[in-house]
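Residue numbers (this note's numbering): 75 to 176.
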């Protein structure tokens, strides 16, 4: 994710099926680092040596990242510090696959 100013929206291609059926492998998401972070938002966060796309869950002041597919563990995070941005758009091969999350 280098090469962009920290506040500029950026695009990422989804790898894997952990977020299907909302985000299929190969689709492109637009991520806005300045968008409001809220419970239920789809976010891109630092994880290991890279980044991960997950749904943000905030319950009882505890923050975690959850995949939409079963079989992927919920990842606990302490706060918004690891979140690099909120997904604002999804594109697909067909116009009908495009979606806005604002």
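No residue lacks a Cβ here, since even glycine has one placed at the ideal position from N, Cα and C.
Close Cβ partners of residue 104 (< 6 Å) along its chain, the five nearest in sequence each way excluded: 83, 85, 162 and 163
Extent of the continuous beta strand (DSSP E) run through residue 87: 84–87
Sequence-distant residues of its chain with Cβ nearer than 6 Å to residue 100 (five each side left out): none
Alpha carbon of residue 160 to alpha carbon of residue 144, nearest angstrom: 22 Å
Local Cβ density within 10 Å of residue 167, reported as buried at 16 or more and exposed below that: exposed
Nearest neighbour of residue 133, chosen from 125, 127, 93 and 151 [CA to CA]: 151
Rounded C-alpha distance that separates residue 131 from residue 93: 14 Å
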